[in-house]
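What follows is a short report on a single structure.
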Amino acid sequence: MAPLTAPDITAARRLVVKIGSALLVDRASGLRTEWLAGLAADVAQVKARGADVVLVSSGSIALGRKVLGLPDGALPLEQAQAAAAVGQIRLARAYEEVLSPHGITTGQVLVTLEDTEDRRRYLNSRATMETLLALGVVPIVNENDTVATDEIRFGDNDRLAAQIAVTVGADQLILLSDVDGFYSANPKEDPTAVRFDLVEQITPQIEAMAGGPISGLSKGGMKTKLMAAKTAVAGGCAMAIMEGSPPRPLTALAQGANRTWFIPQADPQVARKRWIAAMKPRGEVTVDAGAVAALRGGKSLLPAGVTQVAGQFGRGDPVAILGPAAEVLGKGLIRYTAAEARAIAGHRSAEIEGILGYPGRAALVHRDDMVV
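Residue numbers (the numbering used here): 286 to 657.
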């Protein structure tokens, strides 16, 4: 078996980049506008190659607390949410100002942990992100700190970035950090610490090497980065940890800067199909011969091809897809409730609005949410 090689960022089809607070915000001067402009130039370069880019950005609380004059250190939840409300506007504006000169449109996406754990919300988030990317937009994603409570928080943007990477089917995730990779120990405390170039598998020994946060602004430490890596590689996405302070960090990565790559065992599409295949169906959808041919040709399942709907399920639930002889063709995440699916079964997509009273999605089960 040939040895694994590091992924090439210039070959990324869909890239998610996470930016930490310590890189974006200086305690004394506030937003690091020159650094952000360099990152924007990198993003424009990646976009020019035809790749999609999603930015997961910390910094709203750090920016807001400076404006509001709040002290350093941990804040009560209410003050943190107030700081986020003030800082989020400034953060979104800053990204718009540095990316618009490159002809890039930005969009703000705020999420909570609940949005990715609930299948209905997950599908909504995924559809919105896919639409933004298809329109050439660079989404700026952050945790919705103004409404999230401790029970529904990611708690750090490393894990959020990994979940977003899996949600959008990214093939690479870059964590711009205050360290240049994953070390056998904290390099600021242990001069004998060794940096890993590649991590092929996150073993208990690797996990034992992780420490806590280094910077005073960042909430995430190496433990959260390893948690992010587990999520990313399980979803087929390679993940890199690198120091983000250079003026053009993504260019630096392409030119061989120090970093650690965590290597996935499969590509995002294969990993997603495996995830869907492992789910227990909540219902069944029987299709006609024409739909069978379409599905086997890689098409989505449209309502017109459905002859029968069985079971009780909600939007985003897994269902079995059966052929005319009740043979199992595959599984998929359905985009309608059982009642809605029964109502539109056998009808053309153009008729959905007239039947349900509101415009729906053309596909009953999209091909990206299906394994056949």
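Positions of the beta carbon are idealized from the N, C-alpha and C atoms, including for glycine.
What are the partner residues of residue i, as DSSP defines its beta bridges?
i	result
Leu483	Trp546
Gly596	Gly568
Pro424	Gly392
Val339	Val301
Leu649	DSSP output for Leu649 lists no bridge partner at all.
Pro658	What the structure shows of the chain is the stretch from 286 to 657, and residue 658 is not part of that stretch, so it cannot be assessed.
Just to check my reading of the structure: residue i and residue j have Cβ atoms closer than 8 Å, yes? What is that Cβ distance to the nearest angstrom?
i	j	result
Gly615	Val657	4 Å
Val570	Pro549	That belief does not hold up - the Cβ atoms of Val570 and Pro549 are roughly 31 Å apart, past 8 Å.
Ala370	Ile425	With 8 Å as the limit, Ala370 and Ile425 do not qualify as a contact, their Cβ atoms being about 16 Å apart.
Phe467	Val484	6 Å
Ala379	Leu321	6 Å
Val591	Ala624	Between Ala624 and Val591 the Cβ distance is about 14 Å, and since that is not below 8 Å, they are no contact.
Asp443	Lys510	5 Å
Asp311	Thr536	Not confirmed; about 22 Å, so no contact.
Leu618	Leu408	7 Å
Nearest by alpha-carbon distance to residue i: which of the options is it?
i	options	result
Asp463	Leu395, Arg620 and Gly506	Gly506
Thr391	Asp357, Pro361 and Ser342	Ser342
Leu395	Thr509, Ala291 and Met414	Met414
Val479	Ile294, Leu649 and Met494	Met494
Met524	Gly575, Asp573 and Ile449	Ile449
Ala307	Leu340, Ala326, Ala347 and Ala336	Ala347
Leu309	Ala551, Phe598, Gly344 and Val422	Gly344
Ile487	Lys515, Ala296, Glu474 and Lys473	Lys515
Ala419	Gly601, Arg299 and Glu612	Arg299
Per DSSP, what kind of secondary structure is residue i in: helix, strand or coil?
i	result
Glu528	strand
Ile619	coil
Val302	strand
Val577	helix
Ile389	coil
Ala517	helix
Met494	coil
Tyr407	helix
Pro361	coil
Glu381	helix
Gly315	strand
Should the region 546-566 be regarded as contacting the region 355-368, the criterion being three or more beta carbon pairs within less than 8 Å? Touching, no, given that fewer than three Cβ pairs across the two stretches are closer than 8 Å.
Does the count of Cβ pairs from the region 516-534 and the region 577-596 closer than 8 Å reach three? Not touching, per the Cβ criterion.
Count the CB pairs spanning the region 550-559 and the region 442-458 that are closer than 8 Å, and state whether there are at least three. Result yes; three or more Cβ-Cβ pairs closer than 8 Å.
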